[in-house]
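Below: the structure, in structure tokens.
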């Protein structure tokens, strides 16, 4: 994952947390507004219920018409508020309160009717009981305050029968007044309950908002800071390691930096930089190795050239003298002498071969590029070695497509394949197979020469291209050094892979066309 995506991801995480908090707070705010509106409604109901009870008491105490109208007005207001159809957590209680207000209203109307009926009946009583006129005003003023006391007065003083309409009106009036007071008290209790529920709801939503802020905001801080630390920590740590490796590379110490393959740290720009640096380190290490090899070859070549020229003249004299002595002695030469002359002659020939290799290695002439057909070239090279080494038990398997054309020096490139094929055949004394595979990769030609021979140990692989290094008893150690030199002069590269008991593979990479 790139750094840009990591930063965007960190921002999105923080944004999502804030968005969740904002959405929660917005919904909570809407609910708080609704609950506050409900609280205002319940507070109004409670306040008007209190006012209703106050005017109810005043009316029952004084029988004042103005107080009666106030009761009617507050009943009308309560009915209007309760009839708006608002719904909240206390909606069931609200409905029951509405029912109680209706009961209260009916009871109050009944009290008015009973009070009016009593005054009408008491008017008839006054006509027949003028001797008790002193009680008239007292009874009429306290009819709503003390209906049962007035009933007792009518029965004991006025001598009215229990079934008298005025007496019955007072009993019924007392019952209705008691019912009215009970309904009024119930209205007051229920209005207080609704008000308490609304206040608890508001307080609950406010508490939830506070808790959400106290929880989500620290989570936001921790998440944002954590993502920041993860991103910067990973980047800084890897950049510091990369800086140290760059410093070591400047001192000639080429080391690889471990890369993380996961999508979080392995795919960002720093991971790409590390992989690029590792690839560069490999190339630098290879180039340094090739440069050291080239310098070594150049130095050895200069030495070899001088030594070869110095050896060539006395070697020619030894060779020529041995050849003349062999001819002069003829058949009369004792066997021991003839054997000595044959040894001198064969060893002189061997040394001449070594000197020839030294001169070939030391000359280092620039390649003369020509258009070559790889398939014909490798076939000719294998036929050439068949005249010098035994290939009867060797299966040669070239897998080179027709028309595989490239530009190279024919003598030098043929020498490369001759040396490689010779080494391959010598590594398979009991027989085996030599294969050549070629494929073009863009502007480069890739050729793999493999055998099924004895293979080489790892410590030997590191030295195969060094001059004068050989594992053969009579080897000069110059064959692969010459191959390396030729490939390098052609602008290519050669690598080797080998496993003991399974064989060896040389991979040659050459430009298809001559460079401008």
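Numbering (the working numbering), first residue to last: 715 to 1230.
Here a beta-carbon is modelled for each residue, glycine too, at the ideal position from N, C-alpha and C.
*residue 821 vs residue 905 beta-carbon contact at 7 Å*: Along the chain shown, one-based indexing puts residue 821 at 107. Along the chain shown, one-based indexing puts residue 905 at 191. Not closer than 7 Å, so no.
_Inter-residue spacing [alpha-carbon to alpha-carbon] between residue 809 and residue 908_ = The count along the chain shown starts at 1 and reaches residue 809 at position 95. The count along the chain shown starts at 1 and reaches residue 908 at position 194. Their Cα atoms are separated by approximately 11 Å.
*By the 10 Å Cβ neighbour count, where 16 or more other Cβ atoms means buried, how is residue 747 classified, buried or exposed?*
The residue labelled residue 747 in the question sits at position 33 within the chain shown. Exposed, by the Cβ-count rule.
*Strand pairing of residue 1119, partner residues [DSSP]*: Indexing the chain shown from 1 puts residue 1119 at position 405. BP columns for residue 1119 point to 1087.
*So which of 1202, 1166 and 1226 has the shortest CA-CA distance to residue 1219?*
The residue labelled residue 1219 in the question sits at position 505 within the chain shown. Taking only the C-alpha atoms, the option nearest residue 1219 is 1166.
*Between residue 872 and residue 851, what straight-line distance do the alpha-carbon atoms span, to the nearest angstrom?*
Numbered from 1 along the chain shown, position 158 holds the residue referred to as residue 872. Numbered from 1 along the chain shown, position 137 holds the residue referred to as residue 851. Cα-Cα distance, rounded: 14 Å.
*Would DSSP call residue 978 helix, strand or coil?*
Here residue 978 corresponds to residue number 264 of the chain shown, with the count starting at 1. With a pLDDT of only 46 at residue 978, under the threshold of 50, the placement of this residue in the model should not be trusted; the figure read from the coordinates follows. Note: residue 978 maps to coil in three-state DSSP.
*In or out: residue 927 buried (at least 16 other Cβ within 10 Å) or exposed?*
In the chain shown, residue 927 corresponds to position 213, counting from 1. With fewer than 16 Cβ atoms within 10 Å of its Cβ, residue 927 is classed as exposed.
*Would residue 814 pass as a contact of residue 897 if the rule is Cβ separation under 7 Å?*
The residue labelled residue 814 in the question sits at position 100 within the chain shown. The residue labelled residue 897 in the question sits at position 183 within the chain shown. Yes; because the gap between Cβ atoms is below 7 Å, this pair is in contact.
_Buried or exposed for residue 890, going by 16 or more other Cβ atoms inside 10 Å?_
Sequence index remark: in the chain shown, residue 890 carries index 176 (1-based). Sixteen is the threshold: when 16 or more other Cβ atoms of the shown chains lie within 10 Å of the Cβ of residue 890, as they do, the residue is buried.
*Measuring CA to CA, which of 1224, 867 and 770 is closest to residue 1120?*
Locating residue 1120 in the chain shown gives position 406, where the first residue counts as 1. Nearest to residue 1120 by alpha-carbon distance, out of 1224, 867 and 770, is 1224.
_Quick test of the definition: if touching needs 3 or more C-beta pairs under 8 Å, does the segment 929 to 936 touch the segment 778 to 790?_
Under the 8 Å Cβ criterion, the segment 929 to 936 does not count as touching the segment 778 to 790, having fewer than three qualifying pairs.
*Alpha carbon to alpha carbon, how far is residue 763 from residue 920?*
Counting from one through the chain shown, the residue named residue 763 turns up at place 49. Counting from one through the chain shown, the residue named residue 920 turns up at place 206. Rounded to whole angstroms, the separation of the alpha carbons of residue 920 and residue 763 is 28 Å.
*asked:* Considering only DSSP beta bridges, list what residue 1111 is partnered with.
replied: Working through the chain shown from its first residue, we reach residue 1111 at position 397. 1149.
*Anyone know if the C-beta pair for residue 1150 and residue 1163 falls short of 7 Å?*
Taking the first residue of the chain shown as 1, we reach residue 1150 at position 436. Taking the first residue of the chain shown as 1, we reach residue 1163 at position 449. Taking the C-beta atoms as reference points, residue 1163 is found nearer than 7 Å to residue 1150.
*State the CB to CB distance for the pair residue 1222 and residue 1205, rounded to an integer number of angstroms; the pair is presumed to be in contact (CB under 8 Å).*
Here residue 1222 corresponds to residue number 508 of the chain shown, with the count starting at 1. Here residue 1205 corresponds to residue number 491 of the chain shown, with the count starting at 1. No, residue 1222 and residue 1205 are not in contact; Cβ-Cβ is about 12 Å, not under 8 Å.
*Own chain, CB closer than 8 Å to residue 874, minus 5 neighbours either side, in chain order*: Residue numbering aside, residue 874 sits at position 160 when the chain shown is read from its first letter. Excluding residues within five positions, the ones whose Cβ falls inside 8 Å are 839, 868, 880 and 881.
*Since residue 1154 sits in a beta bridge, which residues does DSSP pair it with?*
Mapped onto the chain shown, residue 1154 falls at position 440. For residue 1154, DSSP records a beta bridge to 1159.
*State yes or no: is the C-beta of residue 765 nearer than 6 Å to some heavy atom of the ligand ATP?*
This structure does not include the ligand ATP; it has no bound ligands of any sort.
*Check each candidate in 1094, 1139, 1086 and 1114 and name the one with the smallest Cα separation from residue 1103.*
Counting from 1 along the chain shown, the entry for residue 1103 is found at position 389. Closest in C-alpha terms to residue 1103, from the list 1094, 1139, 1086 and 1114, comes 1139.
*Helix, strand or coil at residue 876 according to DSSP, with G and I counted as helix*: Counting from 1 along the chain shown, the entry for residue 876 is found at position 162. Coil.
_Strand pairing of residue 1225, partner residues [DSSP]_ = The count along the chain shown starts at 1 and reaches residue 1225 at position 511. Paired residue(s): 1158.
*Does DSSP put residue 1218 in a helix, in a strand, or in coil?*
Within the chain shown, the letter at position 504 stands for residue 1218. In the structure shown, the three-state DSSP call for residue 1218 is strand.
*Looking at residue 1132 and residue 1098, is the spacing between their C-beta atoms short of 7 Å?*
If you number the chain shown from 1, residue 1098 lands on position 384. If you number the chain shown from 1, residue 1132 lands on position 418. Here residue 1098 is near residue 1132, since their CB atoms are less than 7 Å apart.
*DSSP puts residue 1213 in a beta bridge; with which residues?*
Residue numbering aside, residue 1213 sits at position 499 when the chain shown is read from its first letter. DSSP lists 1217 as the bridge partner or partners of residue 1213.
_Just to confirm my understanding: we take residue 1092, look at its own chain, exclude 5 residues before and 5 after, and list those with CB closer than 7 Å. What are they?_
Working through the chain shown from its first residue, we reach residue 1092 at position 378. Cβ neighbours of residue 1092 beyond the five flanking positions: 1112, 1114, 1131 and 1150.
*What's the C-alpha gap between residue 827 and residue 870?*
As a position in the chain shown, residue 827 is number 113, starting the count at 1. As a position in the chain shown, residue 870 is number 156, starting the count at 1. Straight-line Cα distance between these residues: approximately 25 Å.
*Return the residue from the list 823, 797 and 824 that minimises the CA-CA distance to residue 811.*
Residue 811 sits at position 97 when you count from the first residue of the chain shown. The candidate whose alpha carbon is nearest that of residue 811 is 797.
*So the alpha helix (DSSP H) residue 1206 belongs to, where does it begin and stop?*
Within the chain shown, numbered from 1, the residue matching residue 1206 stands at position 492. Per DSSP, residue 1206 is not a residue of any alpha helix (DSSP H), being assigned neither H nor E.
_Pairwise C-alpha distance: residue 1123 and residue 1144_ = One-based indexing of the chain shown puts residue 1144 at position 430. One-based indexing of the chain shown puts residue 1123 at position 409. Take the alpha-carbon of residue 1144 and the one of residue 1123: they are about 34 Å apart.
*Own chain partners of residue 1197 with C-beta closer than 7 Å, once the 5 adjacent residues on each side are dropped*: Counted from its first residue, the chain shown places residue 1197 at position 483. Once the five neighbours on either side are set aside, the close Cβ partners of residue 1197 are 1130, 1133, 1134 and 1208.
*asked:* Assuming residue 1159 and residue 1210 are in contact, meaning their beta carbons sit under 8 Å apart, how far apart are those beta carbons, in whole angstroms?
replied: Taking the chain shown and counting its residues from 1, the one referred to as residue 1159 is at position 445. Taking the chain shown and counting its residues from 1, the one referred to as residue 1210 is at position 496. Your pair residue 1159 and residue 1210 does not check out as a contact, with CB atoms roughly 18 Å apart and the cut at 8 Å.
*Going by CA-CA distance only, name the one from 1030, 831, 1118 and 1170 that's closest to residue 1155.*
The residue given as residue 1155 occupies position 441 in the chain shown. Checked all of 1030, 831, 1118 and 1170; the closest Cα to residue 1155 is 1118.
*Just curious, the alpha helix (DSSP H) that residue 787 is in, first and last residue?*
Looking up residue 787 in the chain shown gives position 73. DSSP places residue 787 inside the alpha helix (DSSP H), whose first and last residues are 779 to 796.
*Complete runs of the beta strand (DSSP E) confined to the segment 825 to 888 [at least 3 residues]*: None, since the segment 825 to 888 contains no complete beta strand (DSSP E) of that length.
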